[in-house]
Amino acid sequence: VDAVLAPRQFAFRNLEINDDVIERAKKITLGLSADSQQVDLVVSQWLAENQEVGFLFQVHPTEKNEFLPLGLKLKVMLESDSEEVEAQEADSWIQIALTELPGKLVTVQIYLNDESVTEEFVA
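Residue numbers (the numbering used here): 10 to 132.
Dropping the structure here:
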């Protein structure tokens, strides 16, 4: 996570969960043209109550940008439900937290205008 997020970005995170958290980060590129946008997807996973798996999905701007692109959307889809958030003006990150039963598929979509990237995780 530290290798992807600059210290300034990492400081904005607000995780208040136990120490048994697995965190991973990935650079995401939306679009192939010269005006493509890059953001960082940070995924935190932990064992939650009732034997469920907790997830926190965050999208941060890359170190060369202070804010996320206006209108960037993060959507998390479970087998039974979905949740979506959209970056507003001057958002330095957006996030969705949820829990799911082990073994269930969790799909994450990041999109801006007509460009999107989809990542899948197993709870």
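Even glycine gets a Cβ: it sits at the ideal position worked out from N, Cα and C.
Distance between residue j and residue i (C-alpha atoms, nearest Å)
i	j	result
Ser125	Leu110	26 Å
Lys36	Ala57	27 Å
Ala96	Gln104	10 Å
Ser45	Gly112	34 Å
Val120	Asn59	A quick correction: the sequence has Tyr, not Val, at residue 120. Rounded to the nearest angstrom, the two C-alpha atoms are 32 Å apart.
Glu92	Met86	7 Å
Ala43	Lys73	16 Å
Glu61	Val131	12 Å
Gln118	Thr38	12 Å
Glu88	Glu128	15 Å
Leu41	Leu107	31 Å
Residue nearest to residue i in terms of C-alpha spacing, selected from the options
i	options	result
Asn122	Arg33, Leu83, Asp100	Leu83
Arg30	Gly63, Asp49, Leu50	For the record, residue 30 in the displayed sequence is Val; it is not Arg. Nearest of Gly63, Asp49, Leu50 to Val30, Cα basis: Gly63.
Val115	Asp49, Gln47, Gly40, Leu65	Leu65
Leu79	Thr71, Glu98, Val94	Glu98
Integer-rounded CB distance, given that residue j should sit under 8 Å from residue i
i	j	result
Glu32	Ser53	5 Å
Quiz prompt | Residue ranges of each beta strand (DSSP E) within the segment 68-109, 3 or longer | solution = 82-86, 91-95, 103-109
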